[in-house]
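First residue of the sequence shown? That's 5 in our numbering, and the numbers climb one at a time after it.
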Amino acid sequence: MHNKIKYQFIKKFQNNMRAIASKNHSKIHSVVKFILVALLTFGITITWSSVAWAQIPFLPNIQQTENQGPIFDWFNRPYQCGNLMCSKVWFNGRPLITVAALSTNTEENQSAISTAKQRAKTVEINLQQVLKIVLQSKEQKIPNPSPPSSTPKSNNQLPEKPSDFDPSLLAKPTLTPKVKELQTRIQKITPNIDIIRQENINSQGTNQSLNLHPQTPKIEVGTLNNLTVIYAPEQPGLTTQTILTVTKYDVVANFANNELQLANIWQNRILQELSNALKEREYYNKKLYIIIAQVSMIIASMIIISSVLKWIKKPLKAKIELLKEQIKQLEESLQVNPEEKLIENTQPTANIANTQETESSINFKKNFC
């Protein structure tokens with residue numbers, strides 16, 4: 005009976021050791037994977053900041069047309085804003101401005117979605133083209149004789165050419181009562197908003213006051229076919245290029261009072277983001293060795309951690325193998341059936357008991373006689 009209990013205990017111990025070994029093995033692999041993924045994620049996070057979109061290869065290049073936008077249209081996904089369809093323009097990894105198109109009923113809704121989305125894509129492509137030309141001019145070391153000005157120039161007249169947008173879309177939009185009420189509240193709360201914005205714009209007259217990059221291209225406000233446009237004038241390495249046309253729908257969607265006011269605000273935003281893109285590109289070009297060193301340190305850390313874990317795993321594996329061998333030896337030593345062993349042990353015990361009983365009866369008889 006004792007051997008049977010011992011045998012069962014050894015079998016149970018063996019199963020437990022196997023389960024522990026397999027569990028530890030999977031845990032070690034999980035820990036290694038987690039550490040490697042965490043290090044890689046941390047390295048990517050600290051080494052990659054908001055890079056200029058022009059540096060990313062899957063975005064449109066200078067040869068692309070208006071019909072070839074970015075692959076990820078999710079960024080330009082239209083959404084309802086009052087009775088208009090709005091779409092955000094993304095540049096330098098951030099939303100820059102919001103453009104709009106009229107949406108009066110469900111029949112024209114699809115057309116409005118397409119117009120808002122296409123306008124956003126067109127502005128993005130135009131900005132990418134301007135940035136790419138500036139970067140190429142910088143590599144060729146073409147001088148920029150005069151700094152960009154952020155002061156609005158409403159008297160600039162571009163050469164007449166067909167407008168990029170349908171003039172019929174520039175009719176006065178029909179506002180819903182909710183939108184009208186919201187505009188009225190905003191005007192009551194901020195009655196001097198126009199004066200404040202105009203002062204801010206006029207106080208930022210040069211690239212030094214805006215802290216712009218020296219190679220930031222000029223961006224000005226002008227008129228084209230009696231429409232307010234934001235454009236890049238002719239300058240070294242860059243011909244005159246229209247970036248976008250400011251419509252009355254944009255004015256309504258952005259809660260401005262007129263096209264000129266909104267164009268001045270957008271002009272400063274575009275200048276600032278172009279400057280940020282140039283600064284980031286310049287930083288990565290100058291600090292390339294630092295980035296390479298950071299990535300190398302991360303890879304080296306991953307290799308060291310993997311080696312340490314492998315070194316720890318080796319003696320553990322050897323101990324597990326030793327325990328398995330000892331269990332195997334115990335199994336071989338207990339190959340005899342425990343029940344047969346128990347029968348063999350009980351028979352001598354019964355014989356001894358009978359002998360002792362016989363001897364005691366004989367002694368009793370002798371004593372009695």
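Virtual Cβ for every residue (Gly too), placed ideally from N, Cα, C.
Small disclaimer: the values here were computed from a predicted structure and weren't measured.
Taking the straight line between their C-alpha atoms, what separation do you get for residue i and residue j?
i	j	result
T244	P99	25 Å
S34	N19	23 Å
M89	G226	25 Å
S305	A104	50 Å
L334	A322	19 Å
L326	K318	13 Å
N80	A124	7 Å
I295	R273	29 Å
L387	L242	For the chain, the structure presents residues 5 to 373; residue 387 sits outside this window and is missing.
I316	I309	11 Å
N215	V255	28 Å
I137	I32	52 Å
P240	Q140	11 Å
S300	K283	25 Å
T119	Y293	45 Å
E329	S311	27 Å
F38	P82	38 Å
L320	S337	26 Å
Q271	Q265	10 Å
L135	I129	10 Å
Can you find the residues in the same chain that come closer than 7 Å, C-beta to C-beta, to residue i, ignoring five residues on each side of it along the sequence?
i	result
P237	K222, E224, T244
C85	A104, A257
L40	M306
Confirm the yes/no value for this check: CB of residue i, any heavy atom of the ligand MN, distance under 8 Å.
i	result
V255	Looking for the ligand MN in the displayed structure turns up nothing, as the structure carries no ligands at all.
For residue i, which residues from the same chain have a beta carbon less than 8 Å from its beta carbon, with the 5 sequence-adjacent residues on both sides left out?
i	result
V233	L162, V225, G226, T227, T246, I247, L248, T249, V250, A267
Out of the options, which has the shortest C-alpha to C-alpha gap to residue i?
i	options	result
K121	M301, K92, K136	K92
Q298	T126, T119, T220, L43	L43
V36	L320, K314, I331, K328	K314
K142	L320, Q330, R285, S311	R285
I101	L320, N230, I269, I324	I269
I302	K15, F38, T45	T45
Q133	E336, S337, Y235, E263	Y235
Excluding five sequence neighbours on each side, which residues of the same chain lie with their C-beta closer than 6 Å to the C-beta of residue i?
i	result
V127	V93, L248
L131	F95
N230	none
K16	none
For chain C, find out if any of its Cβ atoms is closer than 9 Å to the Cβ of residue i; answer yes or no.
i	result
G241	Among the chains in the structure shown there is no chain C, since it carries only a single protein chain.
Check whether the stretch 282-289 touches the stretch 259-266, taking contact to mean three or more Cβ pairs, one atom from each stretch, closer than 8 Å.
These segments do not touch.
Counting only runs that start and end within the stretch 288-321, where is the beta strand (DSSP E) found for 3 or more residues in a row?
Runs of the beta strand (DSSP E) inside the stretch 288-321: none found.
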